[in-house]
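Chemist: Position in the sequence shown (first residue = 1) + 145 = my numbering.
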Amino acid sequence: AAEAEEIARRLDDPALLAFALNGVFMQSCTRAGLAPRRDAIGAELTALGARHGLVNHEVLGHLIRLQARAALADLTAADAHARAVDRLAERH
């Protein structure tokens, strides 16, 4: 996944980067304690999706951040990401 991320960044391909970041996220679920890393991945996916009209990846980013923020006991932020997903679902 790290190599795919590197290639996508080098090619400057937003859709490819979004798929690669999803792989990086999946590989960050191997042990406890990686919620900050997952939160950063989710933040990048959310921003990337919003910038490039990749709504599915924007939603995925919010869902990743919801999970990560809940794991970090930041329930206010987790709830905000849940509401963001609801708003995106209503629009699309």
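Glycine residues also receive a C-beta, built at the ideal position from the N, C-alpha and C atoms.
Run through DSSP, which three-state label would Arg-176 get?
Modeler: coil
Chemist: Which residue from Ala-165, Asp-224 and Ala-213 puts its Cα closest to that of Arg-176?
Modeler: Nearest option by C-alpha distance: Ala-213.
Chemist: Hey, could you find the ends of the alpha helix (DSSP H) Leu-205 is sitting in?
Modeler: Per DSSP, Leu-205 belongs to the alpha helix (DSSP H) from 200 to 216.
Chemist: Once DSSP output is grouped into helix, strand and coil, what is the label at Asp-158?
Modeler: coil
Chemist: Going straight from the alpha carbon of Gln-172 to that of Ala-229, what length do you get?
Modeler: Going from the Cα of Gln-172 to the Cα of Ala-229 covers about 25 Å.
Chemist: Could you give the residue range of the alpha helix (DSSP H) that holds Ala-227?
Modeler: Start and end: 220 to 236.
Chemist: Measure the beta-carbon distance from Arg-210 to His-226 and round it to whole angstroms, keeping in mind my assumption that it falls under 8 Å.
Modeler: Correct: roughly 5 Å between the Cβ atoms.
Chemist: Tell me which residues share the same chain as Asp-184 and place their Cβ nearer than 8 Å to its Cβ, disregarding the 5 neighbours each side in the sequence.
Modeler: Ile-209, Arg-210, Ala-213, Arg-214 and Leu-217
Chemist: Please state whether the Cβ-Cβ distance between Ile-186 and Val-169 is less than 7 Å.
Modeler: Yes, Cβ-Cβ distance for Ile-186 and Val-169 is below 7 Å.
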